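J.: Going by our numbering, the sequence shown opens with residue 89, and the numbers climb by one from there.
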Amino acid sequence: MKNFALALCLLTFVLKAAAQQPADAEIRHVTIWSDGTRMAGHLYVPRDLKEGEKRPTVLFCAGTAGVKKGNGGLYARRFVKEGFVVLAFDYRGWGESDCKLTLPEPMPRADADGMVTVKARPVRWQMDMADQTLDIRCAISFLIGEPCVDAERIGLFGTSYGGGLVVWVAGNDPRVKCVVSQVPGMGGGRPQAAQKYANDLAVKQARGETEPVPIETGKLGGKMATYAQMRANPAKGLGYNAVEAASKITVPTMIIVAEKEELMSNAENGLRAFQALQKNGVKSEYHVLQGIGHYGVYKEKFEEATKLASDWFHLHLDANLKTP
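#1: Under 8 Å, with one C-beta from each stretch per pair, do the region 143 to 156 and the region 169 to 179 reach the 3-pair mark?
#2: Report yes or no: do the region 149 to 168 and the region 232 to 251 share at least 3 C-beta pairs separated by less than 8 Å?
#3: Going by other Cβ atoms of all chains shown within 10 Å of its Cβ, with 16 needed for buried, is L191 buried or exposed?
#4: P322 by DSSP, collapsed to three states: which one?
#5: Alpha carbon to alpha carbon, how far is L231 from V237? Give it in angstroms, no decimals.
#6: Assign G296 to buried or exposed, taking buried as 16 or more other Cβ atoms, counted over all protein chains shown, within 10 Å of its Cβ.
#7: Rounded to a whole number of angstroms, what is the C-alpha to C-alpha distance between I224 and D199?
#8: Tell me which residues share the same chain as P340 and place their Cβ nearer than 6 Å to its Cβ, disregarding the 5 neighbours each side in the sequence.
#9: Could you pull out every residue in the same chain whose Cβ sits closer than 7 Å to the Cβ of K61, ignoring the five residues on either side in sequence?
#10: Please classify Y383: does DSSP put it in a helix, a strand, or coil?
#11: So, helix, strand or coil for T298, using DSSP?
#12: Between the C-alpha atoms of E349 and T338, what's the straight-line distance to the nearest angstrom?
#13: Spell out a yes or no on whether the region 174 to 181 and the region 202 to 220 are touching, meaning 3 or more CB-CB pairs, one atom from each, closer than 8 Å.
#14: Can you check whether the CB of A323 is closer than 7 Å to the CB of V255?
#15: Under the three-state reduction of DSSP, which class applies to W400: helix, strand or coil?
#16: How far does the alpha helix (DSSP H) with S229 in it reach, from first residue to last?
#17: Measure the beta-carbon distance from N329 to G277 and round it to whole angstroms, keeping in mind my assumption that it falls under 8 Å.
#18: Measuring only the C-alpha atoms, how far is A105 from L244?
#19: Hey, how far is the Cα of A355 from the Cα of V133?
#20: Going residue by residue through the region 138 to 217, where are the continuous alpha helix (DSSP H) segments of at least 4 residues, counting only ones entirely within it?
#21: Per DSSP, which residues does P134 bridge with? Please list them.
#22: For Q317, name the three-state secondary structure that DSSP assigns.
#23: If you run the structure through DSSP and keep just helix, strand and coil, what is M342?
#24: What's the C-alpha gap between G379 and K311?
#25: DSSP state of E350, grouped into three classes?
#26: Residues in its own chain within less than 7 Å of E114 by CB, not counting five upstream and five downstream?
#27: How would you call N321, buried or exposed, if buried means at least 16 neighbouring beta carbons within 10 angstroms?
#28: Starting from Q378, trace the alpha helix (DSSP H) both ways and give me its first and last residue.
#29: Please report the straight-line C-alpha distance between F390 and E240, rounded to a whole angstrom.
#30: Quick check: the Cα distance between P194 and D201, rounded to an integer number of angstroms?
#31: Look up K90 in the DSSP assignment and say whether it is helix, strand or coil.
#32: The alpha helix (DSSP H) with R360 in it runs from where to where?
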């Protein structure tokens, strides 16, 4: 109940802050396509943008159950004040985005127009690293096509689960020019038994011996059980290792962690990634926010954490904009 009350308090705070319309930005509702599925996004464009001008841009990538109207709006409003263009979006199957479908019956033959009519079940609220890293890369592609975006100055900001996703993307997509990873969950420190479970689950899913996509199964446990709508699919995480991906990053990367992190081990996640960056001589910083747990970055340490992040983006995206 304590975790539920904390999550509810945080959600109320975030939605209240996000509901305030920014005076210094225009919010454009946009559609982003990811592997044939529509994702809903909000593009925050500074009102002082001049015709033909291209700005450095921050792409916000949410953590567990995060949406563009919640934490997305909170951070977008903060970064747009700095003069950045900001994109917040909902991963496929989260928030207002469309989702993939699973068919309980075999697919019928297509008609003369290449169309089929089926009964399908929506696949929503999946923690799916394979899909969501692709969603982020498609969001980058969308931004590159925006007239107000400088394609050579796109930075990623990811928090919690999203903090691991942005590290993986930055290690595998050269279009990313700067990264801030906040209280990141990267899957570091998982026991060998977890790998075996994921492999065994993949076999069962492929053979139809369990749900091919977790809907009735896959509920989060322990301290994450408050996210009752979410489903985890460890089989889709096979081959995904954000800590290892950090060793491939070449662009400036900042990692921010909470001193009293309760959801994971900092030493096995953010710190390990930072050590890989340092070993390879990548411009990087590691900040420990004192006195807070995981959710403190959204509350009492919000201003401190976002100041660190915005300064990093200013420095390495060469925004030449004044920080308030």
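Ideal Cβ positions, reconstructed from N, Cα and C, are used throughout, including at glycine. Owing to the predicted nature of the structure, the values given are computational and were not obtained by experimental measurement.
T.: Let me spell this out:
#1: yes
#2: yes
#3: To locate residue 191, count along the sequence shown from 1; it is residue 103. The residue in question, L191, is exposed, as its Cβ has fewer than 16 Cβ neighbours within 10 Å.
#4: Numbered from its first residue, the sequence shown carries residue 322 at position 234. P322: helix per DSSP, three-state reduction.
#5: Here residue 237 refers to the residue found at position 149 of the sequence shown. Here residue 231 refers to the residue found at position 143 of the sequence shown. Answer to the nearest angstrom: the Cα atoms are 6 Å apart.
#6: The residue you call residue 296 lines up with position 208 of the sequence shown. Classification for G296: exposed.
#7: Walking along the sequence shown from the start, residue 224 turns up at place 136. Walking along the sequence shown from the start, residue 199 turns up at place 111. Going from the Cα of I224 to the Cα of D199 covers about 34 Å.
#8: Here the question's residue 340 lines up with position 252 in the sequence shown. Cβ neighbours of P340 beyond the five flanking positions: C266, K371, H404.
#9: Within the shown structure, residues of the chain are numbered from 89 to 412, placing residue 61 beyond reach of any answer.
#10: As a working note, residue 383 is residue 295 in the sequence shown. It is helical.
#11: Within the sequence shown, residue 298 is the residue found at index 210, counting from 1. It is coil, neither helix nor strand.
#12: Here the question's residue 349 lines up with position 261 in the sequence shown. Here the question's residue 338 lines up with position 250 in the sequence shown. For E349 and T338, the distance between alpha carbons rounds to 27 Å.
#13: yes
#14: What you label residue 255 is simply residue 167 of the sequence shown in a count that begins at 1. What you label residue 323 is simply residue 235 of the sequence shown in a count that begins at 1. No, the pair does not count as a contact, with Cβ atoms beyond the cut-off.
#15: Along the sequence shown, read from residue 1 onward, the residue named residue 400 stands at position 312. In the structure shown, W400 sits in a helix (DSSP, three-state: H, G or I).
#16: Residue mapping note: residue 229 aligns to position 141 of the sequence shown, counting from 1. Per DSSP, S229 belongs to the alpha helix (DSSP H) from 217 to 232.
#17: Numbered from its first residue, the sequence shown carries residue 329 at position 241. Numbered from its first residue, the sequence shown carries residue 277 at position 189. With 8 Å as the limit, N329 and G277 do not qualify as a contact, their Cβ atoms being about 12 Å apart.
#18: Looking up residue 105 in the sequence shown gives position 17. Looking up residue 244 in the sequence shown gives position 156. Any reading at A105 must be qualified, since the residue scores a pLDDT of 48, below 50, and its modelled position is unreliable; the value itself is stated next. Computed Cα separation, rounded: 22 Å.
#19: Here residue 355 refers to the residue found at position 267 of the sequence shown. Here residue 133 refers to the residue found at position 45 of the sequence shown. Going from the Cα of A355 to the Cα of V133 covers about 37 Å.
#20: 159 to 168
#21: The residue labelled residue 134 in the question sits at position 46 within the sequence shown. Paired residues: A113.
#22: If you number the sequence shown from 1, residue 317 lands on position 229. It is coil, neither helix nor strand.
#23: Working through the sequence shown from its first residue, we reach residue 342 at position 254. It is a strand residue.
#24: For the purposes of this step, residue 379 is taken as the residue at position 291 of the sequence shown. For the purposes of this step, residue 311 is taken as the residue at position 223 of the sequence shown. Their Cα atoms are separated by approximately 19 Å.
#25: For this step, residue 350 is matched to residue 262 along the sequence shown. Three-state DSSP puts E350 in coil, outside helix and strand.
#26: Position 26 of the sequence shown, counted from the first residue, corresponds to residue 114. Result list for E114: V133, R135, in chain order.
#27: Your numbering for residue 321 matches position 233 in the sequence shown. That one is buried.
#28: Looking up residue 378 in the sequence shown gives position 290. Per DSSP, Q378 belongs to no alpha helix (DSSP H) and is neither H nor E.
#29: Along the sequence shown, read from residue 1 onward, the residue named residue 390 stands at position 302. Along the sequence shown, read from residue 1 onward, the residue named residue 240 stands at position 152. Cα to Cα, the separation comes out at about 28 Å.
#30: Here the question's residue 194 lines up with position 106 in the sequence shown. Here the question's residue 201 lines up with position 113 in the sequence shown. Approximately 19 Å between the Cα atoms of the pair.
#31: In the sequence shown, the residue the question calls residue 90 occupies position 2. Its pLDDT being 49, under 50, K90 is placed unreliably by the model, and nothing is read from it.
#32: Translated into the one-based positions of the sequence shown, residue 360 becomes position 272. First-last of the alpha helix (DSSP H) with R360: 358 to 367.
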